[in-house]
Each structure stands twice: as C-alpha cells, then as structure tokens.
Amino acid sequence: MGRTTGRTRRKRNSSGRVLSFGRRAVMGGVAALLLVAAVWTSWDSAHHVVLAKGREHGTLTVARCEDGTCTGPYDPDGPDGPRAGMTIEQSVAVKKGERFPVVVKPDTDELVRTGAAGLLYAWVPLGGALLLASLVIGGGLRMTRTAWGTALAGAALLLATFFAL
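Mapping of the sequence shown onto the working numbering: position 148 corresponds to residue 150, and the numbering continues sequentially without gaps.
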C-alpha cells in the first residue's frame with residue numbers, strides 16, 4: 003500500500019454542505035428581515051424630517067404629557083397664529099415647558115421633532131435592529147468582523163440619539 007505524504011483532506015459529504023448552506027441562508031434572511039423591518043419602521047417618522055421641504059414647520063411648547071403623547075401650543079412659522087390640539091410622541095427627554103422645532107405630518111394633528119435630535123430619534127429602531135442583527139451575523143453567520151462593525155454602528159446611533167435629546 004502506498005503512503006501519502008503531507009496532509010490528507012477530508013471531504014465534506016453533501017448533507018454537511020447543504021446544512022451549512024441552509025444555516026447561512028436562514029441566518030442571512032433573519033438579519034436582513036431585522037434590518038428591513040427597522041428601516042420600514044424608522045422611515046415612518048424619518049421621512050417627515052428628511053423630506054421636510056414644503057411641509058408646515060413651527061415650534062411646540064410642551065404643556066402636558068400623558069399616555070405616550072405630549073400636547074401644547076403649536077406656533078407655526080409664518081403669518082398663522084398659534085394652534086392648540088397638536089400632539090407629538092413622548093420621548094424620554096421631553097419636559098413641561100420645553101420648546102423644540104417640529105414639522106406637521108400632512109393631513110393630521112401630529113407633529114414630528116425636526117433638527118438633528120429629531121432625525122436621530124426617528125432612526126432609533128434602526129439602531130436597535132443593528133445591535134440585534136450583529137448577534138445574528140456573528141453567531142449564525144460566523145462573520146465576526148462584520149458583526150462588530152454592525153454592533154458599533156448601532157451603538158453609535160443609539161448613543162448619538164441619547165446625547166442629542
């Protein structure tokens with residue numbers, strides 16, 4: 003019998019290759035689903051801030067907050083006078099008497115915070131999804147460098163939002 007020199011390579015069987023491909027496909031799908039859902043959720047508020055040209059802008063003075071929304075007098079930019087009954091989603095940093103720039107969602111009485119703080123706050127779901135997706139990318143796909151980059155991007159977005167608000 004002949005001896006082989008060097009290392010012998012072990013061939014993977016076809017079921018091992020199929021399982022490996024299946025695992026990677028499922029984990030890639032889960033990571034993609036997390037990120038697409040986060041962008042979809044974030045864009046619901048973010049597009050009012052990003053595409054604010056032509057929308058009604060103004061300033062909201064917070065009078066009271068309850069049940070996840072805050073209300074107060076809204077003073078639009080321009081000749082129109084102040085209006086009551088406008089609502090905005092309550093964020094962590096909203097205090098009674100605080101004033102901040104807002105934009106009106108078309109055909110509603112809802113407001114969205116504008117500026118850097120409003121833009122970052124609108125993308126918070128994406129920051130959380132990036133952190134979750136990094137676990138899937140690192141653990142399920144075994145792509146550790148990509149996972150670290152994704153986690154750092156998500157953490158940076160969340161920290162920037164925290165300090166902006």
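We put the CB at the ideal spot given by N, CA and C, even for glycine.
Asked: Could you check whether the Cβ of residue 125 sits closer than 9 Å to any Cβ belonging to chain B?; Found: The chain inventory of the structure shown lacks chain B, comprising one protein chain alone.
Asked: Would you kindly work out how many angstroms separate the C-alpha atoms of residue 85 and residue 118, rounded to a whole number?; Found: 25 Å
Asked: I think residue 50 touches residue 105, with their Cβ atoms under 8 Å apart; what is that distance to the nearest whole Å?; Found: 6 Å
Asked: Can you tell me whether DSSP reads residue 63 as helix, strand or coil?; Found: strand
Asked: Can you give the beta carbon distance from residue 47 to residue 124, rounded, assuming they're within the 8 Å contact cut?; Found: 4 Å
Asked: Run through DSSP, which three-state label would residue 147 get?; Found: helix
Asked: Whose CA, out of 126, 27, 112 and 76, lies closest to the CA of residue 42?; Found: 126
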